[in-house]
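Note that numbering that gives the first Met the number 0 numbers the sequence shown so that position 11 is 10, with each residue one more than the last.
We put the beta carbon where it would ideally sit given N, CA and C, even for glycine.
Structure first, commentary second.
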Amino acid sequence: MEPLIGELMLYTGDRAPQGWEVADGRELDIAANMPLFSIIGPRFGGDGRKTFALPDLRDAAPAAGTLWCIAVEGHYPVF
0 MEPLIGELML
10 YTGDRAPQGW
20 EVADGRELDI
30 AANMPLFSII
40 GPRFGGDGRK
50 TFALPDLRDA
60 APAAGTLWCI
70 AVEGHYPVF
């Protein structure tokens, strides 16, 4: 089952699986990530014109060796 773009998951591993990014506050290019930007916008940082930031959940992982990841590929949510 494909995730919804913007969905968060807790993952055990040292890197995000394909179609996901680690929710580490990193800035991404809007043009290369328009579906995700259209959902989360610049609420977590970035300039809102060329860049936006992922949420930074590094301190929210409940156990060592786990990562919060955000889906950058998948189904676009319908509201």
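DSSP on residue i, reduced to helix/strand/coil?
i	result
Asp58	helix
Met33	helix
Ile4	coil
Assign residue i to buried or exposed, taking buried as 16 or more other Cβ atoms, counted over all protein chains shown, within 10 Å of its Cβ.
i	result
Glu1	exposed
Ala15	buried
Phe51	buried
Residues in its own chain within less than 8 angstroms of residue i by CB, not counting five upstream and five downstream?
i	result
Leu3	Ala70, Gly73, His74, Tyr75, Pro76
Glu6	Ile69, Ala70, Gly73
Looking only at its chain, what residues have a beta carbon closer than 7 angstroms to the beta carbon of residue i, apart from the 5 residues adjacent to it on each side?
i	result
Pro34	Ile4, Tyr75
Report the CB separation of residue i from residue j in whole angstroms; it is logged as a contact under 8 angstroms.
i	j	result
Gly44	Glu26	7 angstroms
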